[in-house]
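From first to last, the protein sequence lines are chains A, B and C.
The opening position of the first sequence corresponds to residue 89 in our numbering, with each subsequent residue numbered one higher.
The opening position of the second sequence corresponds to residue 223 in our numbering, with each subsequent residue numbered one higher.
The opening position of the third sequence corresponds to residue 10 in our numbering, with each subsequent residue numbered one higher.
A virtual CB, placed ideally from N, CA and C, is assigned to each residue, including glycine.
Since this is a predicted model, take the numbers as computed values, not measurements.
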Amino acid sequence: MFYQSPLRTITLIAALCFLAIYASFGSYFAREIVIEIIILAILAISLDFCAGFGGMVSLCHGAMMGIAAYFYGMMSVKLGWGLTASAGIGLAAAVIFAGCVGWVTARISGIFFIMATLAFGQMAYTIFFRWRWLGGDDGMGGMRRFDLSAWGVNLNDGLIFTFWALGILLLVYILSALLLRSGFGRSLSGIHANEGRMQALGINTATIRTQAMAFSGLMAGLAGILAAQHTFYISPELLVWTLSGEVLLVVILGGIGTLVGPIIGAILLVLMKHSISAYTDYWHIFVGLVLIFAVLSGGRGIFGQGEYWWQKYMRGQHA
Amino acid sequence: MKRFFAGLLVVLTLLNGGVVRADTKVGLLLPNTGVLAALGTAISEGFLLALDEAGRSDEFTLITEDTEIKPAIGLAKARKLVYQDEVDVIVGVVSSGVLGALRDFIHGAETPLIVANAGNNHATGRDCSPYIMRVSFSNGQINRPIGTWLAEQGVKTAYTLAADYAAGHQMIESFGKAFTDGGGTIIGSEFTPFGQTKDFSAYLTKAQAAGADAIFVFYAGSEAINFVKQYHSFNIKTPLYGSGFLTSPLYVEAQGDAAIGVIAALHYLPTLDTPENKIFVDAYRKKYGTIPSEYAVQGYDAALSLMAAVDAGGNSRAALAQNLPKIRYTGPRGPLRIDPKTNNIIQNIYIYDTVRKNGVLTQKRLATIPGVRDDAAGCKM
Amino acid sequence: MQNVAMDVSFWILQCLNALQYAMLLFLLSVGLTVIFGLLNFVNLAHASLYMLGAYLGISLAALTGSFWWALLIAPLLVMGIGAGLYFTLIARLRTAGPMNQVLVTFGLIFVFLDLVRIGWGDIALGLAAPPALSGTLHFLGINYPSYRLFIIGLGGTVMAGMWFILARTQIGAMIRASVENTDMAAALGIDVSRLFFLVFCCGCALAGLAGVAAAPILSATTTMGITILIPTMIVVVIGGLGSLEGAILGSLIIGFIDVFGAVLMPSFSALLTYALLAAVLVWRPHGLIAARG
Chain A
89 MFYQSPLRTI TLIAALCFLA IYASFGSYFA REIVIEIIIL AILAISLDFC AGFGGMVSLC
149 HGAMMGIAAY FYGMMSVKLG WGLTASAGIG LAAAVIFAGC VGWVTARISG IFFIMATLAF
209 GQMAYTIFFR WRWLGGDDGM GGMRRFDLSA WGVNLNDGLI FTFWALGILL LVYILSALLL
269 RSGFGRSLSG IHANEGRMQA LGINTATIRT QAMAFSGLMA GLAGILAAQH TFYISPELLV
329 WTLSGEVLLV VILGGIGTLV GPIIGAILLV LMKHSISAYT DYWHIFVGLV LIFAVLSGGR
389 GIFGQGEYWW QKYMRGQHA
Chain B
223 MKRFFAGLLV VLTLLNGGVV RADTKVGLLL PNTGVLAALG TAISEGFLLA LDEAGRSDEF
283 TLITEDTEIK PAIGLAKARK LVYQDEVDVI VGVVSSGVLG ALRDFIHGAE TPLIVANAGN
343 NHATGRDCSP YIMRVSFSNG QINRPIGTWL AEQGVKTAYT LAADYAAGHQ MIESFGKAFT
403 DGGGTIIGSE FTPFGQTKDF SAYLTKAQAA GADAIFVFYA GSEAINFVKQ YHSFNIKTPL
463 YGSGFLTSPL YVEAQGDAAI GVIAALHYLP TLDTPENKIF VDAYRKKYGT IPSEYAVQGY
523 DAALSLMAAV DAGGNSRAAL AQNLPKIRYT GPRGPLRIDP KTNNIIQNIY IYDTVRKNGV
583 LTQKRLATIP GVRDDAAGCK M
Chain C
10 MQNVAMDVSF WILQCLNALQ YAMLLFLLSV GLTVIFGLLN FVNLAHASLY MLGAYLGISL
70 AALTGSFWWA LLIAPLLVMG IGAGLYFTLI ARLRTAGPMN QVLVTFGLIF VFLDLVRIGW
130 GDIALGLAAP PALSGTLHFL GINYPSYRLF IIGLGGTVMA GMWFILARTQ IGAMIRASVE
190 NTDMAAALGI DVSRLFFLVF CCGCALAGLA GVAAAPILSA TTTMGITILI PTMIVVVIGG
250 LGSLEGAILG SLIIGFIDVF GAVLMPSFSA LLTYALLAAV LVWRPHGLIA ARG
């Protein structure tokens, strides 16, 4: 079950403020880093939604993101559609892909589910890697950002785009939190806890799982369109399974099933990667060690562990 | 006070011999991690060696950024170099995908880029830019000469194999066109899944059964090592030809005897018998303990061109972009210059055979095709 | 007539290619699957051990001057590394749930990746096949590399040995009993944790063996672990986690799909194994041969 506790609200606000301040007062590259964090955080919230609350640990979230980015690029650059319509098509494509994966894998669980999602993700990757019309492995450029000049907003300004992305991150968080608090969210958590019981209660668990994946796909799709607009460039690396693995790492690092943890995880991973790679090319080893440490120290993740201590402390206060 | 410092500066400058040499900021954009990391290392070694030999290391501030092999990351790093570090010039780029991603940005930012590997034909063809200079090679430049040469040797039919990605297709297309123009016929062609294929036995068996006079392939890195060894182990009678990356000095030792007799084309051989190359090979061996590869020479020439361009007109972005295409000199790989029509290098292509001499694998030059240049192919500066 | 003979030998060659790839996959997947069956542990670092096997094998071959010593010693060294992992991490994670096991061993892949880069560099390394096996063998009207035949033989021997141990020996009976029901086996007086350790070590040694055996054909690269991880996991998952027969069946299916996909429909060959994996899981969510009822 998901609760938007005061601690979570405070952490969320603190994280968003940190990102906003870092982007406002940092150098050019600080803004790049902030957007990288935001995109990863949206993906991680999207994964936490289905993995942390629905038990569906997917390795195809990168593919969901990439599909949205590619359809956005295909419609707007290759077919000359409007940007909003293209973004709609991109999101729809991600939702349909994610929904199909969710529907087909509804009976599969555990490591088999991980492998099945990996298979679907890699199929999508292979298709875009080989699709010459969309640039194949070279990728394609020419993406544009939304034109909001009617509202006096120029997204081509780096700082404004960063705040726009922050807004999307907040939107994704609020949407997920609302959905998880609804009856749908309770059913999803119920399936995670005991699928058999939910079926006995007459709930069509396959439908719930499909819907959860589809919603997750929508959020991953938003990350994809943001990524395409940010770099003006997309390539098949967006879809490859190791990226999905990185997203999973972020969720675990921050705290699975906490929704705000993934944002903390994304901040930590990206900052760690950049600060270590400034000194050595062997940054994988640190990421690996941190991951091992995160799991061995209880598996709650940074935010999860903090929350656990906090709750223990509060209980001690009341007793 | 201000005037005092200004005066001091003038005095110091005069003491320095009257030359004010502001530092040139260079962004080195290379893969330091991932499957292409070894290429990135070789290029930066060559680059550093050239600065070192000229005694001008202090004059160039290097800022290194890792592109991995991801176009989007490469683009983000290039933006960082231009906007934050405000570099005067960017050097590097190994994968064609990264080059494709950088093209529009470099063109718009009017920051010169010296390409030290990526061979994508379009970068100096239909997508060319006055700010993109290539001192390495183009995919077509390497493969056309060997197509023509092979046809001249009386080879009538060929079967081609390559990794299934953009560079693989460009290499094979260029070869095929030249070979067909020379009177040969391509009787079969296959592209193998890139990065996934480690065992080529199924394709080798197919190529053998096709019964062509020659097998022509493009593979690089670990795929090249595996392909050559597996070709050898199957004892296939059809002779093997390829782009020179197939038996690159960088990893020919890993192929061992299997590389002997493979004929390939490349823009540099460490065994070239010229004074420029002797100096380069000795210096490289002294500094790094190994024979230089074509990747190292690309880095070396990138630095030589850069230094020459700085000397010609200073280190502003505009001056570098203007002077880099005028570079011409004789380097380790022979005479080279930049083609003003495309900004691609004009250089010799060597056709060579790998042989064992005094216990080590080395390259024996069979033919030299001098001054190979690409046609404009839609390039409008 | 000539053409028919050509055709037949062509297909025999392709079958051998498929069989050889299948055997390599089997050597890798069997350790993974038996460890899962017995310990309920998903060890993704198995792929790193395979990579270490190849690199250690190459260094040992250079050191001793003989491929055969490398083939013998490298798996033992890898087994030692595996034993170290067992005491530091694996034993501790036995009850931590599959998700945590996947994550920790995924972290290990990163660690080993960079350790190998630091130790052996970024350039791919090759290993020459032993002189006795460097030629080709002529039979059934075809020429086939002796070394590849050796791999087929090696895989077949391990397969037969595994079957014999599991089906005909006391320790095999103990392993089977423990896979079936760990608590019951412990109640019957089987030292389950020692058995686990033994099986884990053997699995690691097999991964190392596969690494050395593969090096002369596939050479050693820093990405070889991550690259082989996917097909190995596919084999294990298609076959059914924990099942020896499943590993055999899965290896053969993937080996043949891969080779014949490349021959018959090359444009789709990159997609085929993934499509097959998805299809199998949708049809049978626990793999073709489920280890437990």
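Problem set entry | Supposed contact pair P492 (chain B) and V484 (chain B) - C-beta distance, whole angstroms, cut 8 Å | Wrong, their Cβ atoms sit about 16 Å apart, outside the cutoff.
For this session: For the region 425-493 of chain B, list the alpha helix (DSSP H) runs that are entirely contained and at least 4 residues long, ordered along the chain.
Result: Segments of the alpha helix (DSSP H) lying fully in the region 425-493 of chain B: 443-455, 474-477.
Exercise. How many Å lie between H147 (chain C) and C188 (chain A) at the Cα?
Worked result: Between H147 (chain C) and C188 (chain A), the C-alpha separation is close to 51 Å.
Exercise. Which partner residues of T590 (chain B) appear in the DSSP bridge assignment?
Worked result: According to DSSP, which records beta bridges pairwise, T590 (chain B) is partnered with B:Y572.
Exercise. Would you say G398 (chain B) faces chain A, with C-beta separation under 8 Å as the test?
Worked result: For G398 (chain B), the answer is no, since every Cβ of chain A falls outside 8 Å of its Cβ.
Exercise. Which residues share a DSSP beta bridge with A384 (chain B)?
Worked result: When DSSP reads this structure, A384 (chain B) sits in a beta bridge with B:F413, B:F440.
Exercise. Grouping DSSP H, G and I as helix and E and B as strand, with all else coil, what is P225 (chain C)?
Worked result: Here P225 (chain C) sits in helix by DSSP.
Exercise. Is the region 77-95 of chain C close to the region 280-287 of chain C, with three or more CB pairs under 8 Å?
Worked result: Touching, no, given that fewer than three Cβ pairs across the two stretches are closer than 8 Å.
Exercise. Hey, does Y30 (chain C) have any beta-carbon neighbour from chain B nearer than 8 Å?
Worked result: Answer yes: the Cβ-Cβ gap between Y30 (chain C) and chain B drops below 8 Å somewhere.
Problem set entry | the region 277-290 of chain A contacting the region 146-165 of chain A, beta-carbon criterion three pairs below 8 Å | Per the Cβ contact rule, the region 277-290 of chain A is not in contact with the region 146-165 of chain A (fewer than 3 Cβ pairs under 8 Å).
Exercise. Are any of the Cβ atoms in chain A nearer than 8 Å to that of M603 (chain B)?
Worked result: Cβ-Cβ to chain A under 8 Å: no for M603 (chain B).
Exercise. DSSP three-state call for F269 (chain B): helix, strand or coil?
Worked result: In this structure, DSSP gives F269 (chain B) a helical state, which the three-state scheme calls helix.
Exercise. For V357 (chain B) versus Q520 (chain B), is the C-beta distance shorter than 8 Å?
Worked result: For V357 (chain B) and Q520 (chain B), yes; Cβs fall inside 8 Å.
Exercise. For N339 (chain B) versus S360 (chain B), is the C-beta distance shorter than 8 Å?
Worked result: With respect to S360 (chain B), N339 (chain B) sits apart: the two C-beta atoms are not nearer than 8 Å.
Problem set entry | Closer than 8 Å to chain C by CB, K509 (chain B) | Interface criterion not met: the Cβ of K509 (chain B) is under 8 Å from no Cβ in chain C.
For this session: Report back the beta-carbon spacing between I196 (chain A) and V145 (chain A) to the nearest angstrom; my notes put them in contact at under 8 Å.
Result: Separation of the CB atoms of I196 (chain A) and V145 (chain A) is rounded to 11 Å, and the pair is thereby denied contact status at 8 Å.
Exercise. Who are T295 (chain A)'s beta bridge partners in DSSP?
Worked result: Within the DSSP secondary-structure output, T295 (chain A) pairs in no beta bridge.
Exercise. Does Y517 (chain B) come within less than 8 Å of chain A when only Cβ atoms are used?
Worked result: So, not an interface residue.
Exercise. What residues in its chain sit with their C-beta under 7 Å from that of T255 (chain B), if we drop five residues either side in the sequence?
Worked result: D288, E290.
For this session: Determine, using beta carbons only, whether S228 (chain C) comes closer than 8 Å to chain B.
Result: It does: the Cβ of S228 (chain C) has a partner Cβ on chain B nearer than 8 Å.
Exercise. Between the Cα of L359 (chain A) and the Cα atoms of A:S270, A:G229, A:R119, which residue gives the shortest distance?
Worked result: It is A:R119 whose Cα lies nearest to the Cα of L359 (chain A).
Exercise. Does the Cβ-Cβ distance between S444 (chain B) and S228 (chain C) come in under 8 Å?
Worked result: At the C-beta level, S444 (chain B) and S228 (chain C) come within 8 Å of one another.
Exercise. Can the beta-carbon of F141 (chain A) be found less than 8 Å from the beta-carbon of G273 (chain A)?
Worked result: Yes, they are a contact pair.
Exercise. Out of curiosity, what's the CA-to-CA distance linking F206 (chain C) and G212 (chain C)?
Worked result: Each residue's alpha carbon lies about 10 Å from the other.
For this session: Answer with yes or no whether the minimum CB distance from D386 (chain B) to chain A is below 8 Å.
Result: Among the CB atoms of chain A, one or more fall inside 8 Å of the CB of D386 (chain B).
Exercise. According to DSSP, is V604 (chain B) helix, strand or coil?
Worked result: One cannot answer for residue 604 (chain B) here, as it falls past the ends of chain B, which runs 223 to 603.
Problem set entry | Nearest residue (CA-CA) to S351 (chain B), options B:L546, B:S515, B:K586, B:V582 | Of the listed residues, the one whose Cα sits closest to S351 (chain B) is B:L546.
For this session: Note down, in chain order, all residues in the region 302-324 of chain B with a beta-carbon under 8 Å from any beta-carbon belonging to chain A.
Result: Cβ proximity to chain A below 8 Å picks out K302, Y305, Q306, S318, G319, G322, A323 from the region 302-324 of chain B.
For this session: Out of B:A380, B:Q418, B:G417, state which residue places its alpha-carbon closest to the alpha-carbon of G405 (chain B).
Result: For G405 (chain B), the closest alpha carbon among the candidates B:A380, B:Q418, B:G417 is that of B:A380.
Problem set entry | For Y551 (chain B), the residue or residues it bridges with in DSSP | Paired residues: B:L558.
Exercise. Can you check whether the CB of C148 (chain A) is closer than 8 Å to the CB of T205 (chain A)?
Worked result: Closer than 8 Å, so yes.
For this session: Below 7 Å CB to CB, which residues in the same chain sit around Y506 (chain B) once its five sequence neighbours on both sides are set aside?
Result: Closer than 7 Å at the Cβ level, and outside the excluded window around Y506 (chain B), lie L271, P514, A518.
For this session: Would you mind stating whether F440 (chain B) and I394 (chain B) have Cβ atoms separated by less than 8 Å?
Result: In this structure, F440 (chain B) sits near I394 (chain B), with a CB-CB distance shorter than 8 Å.
Exercise. If we cut at 8 Å on Cβ distances, does A300 (chain B) have a partner in chain A?
Worked result: Residue contact with chain A for A300 (chain B): absent (no Cβ-Cβ distance below 8 Å to any residue of chain A).
Problem set entry | Residue range of the unbroken alpha helix (DSSP H) whose run includes I344 (chain A) | It is not in any alpha helix (DSSP H) - I344 (chain A) carries neither H nor E in the DSSP assignment.
Problem set entry | Identity of the residue in A:G290, A:G114, A:G305 nearest W191 (chain A) by Cα | Among A:G290, A:G114, A:G305, the Cα nearest to that of W191 (chain A) belongs to A:G305.
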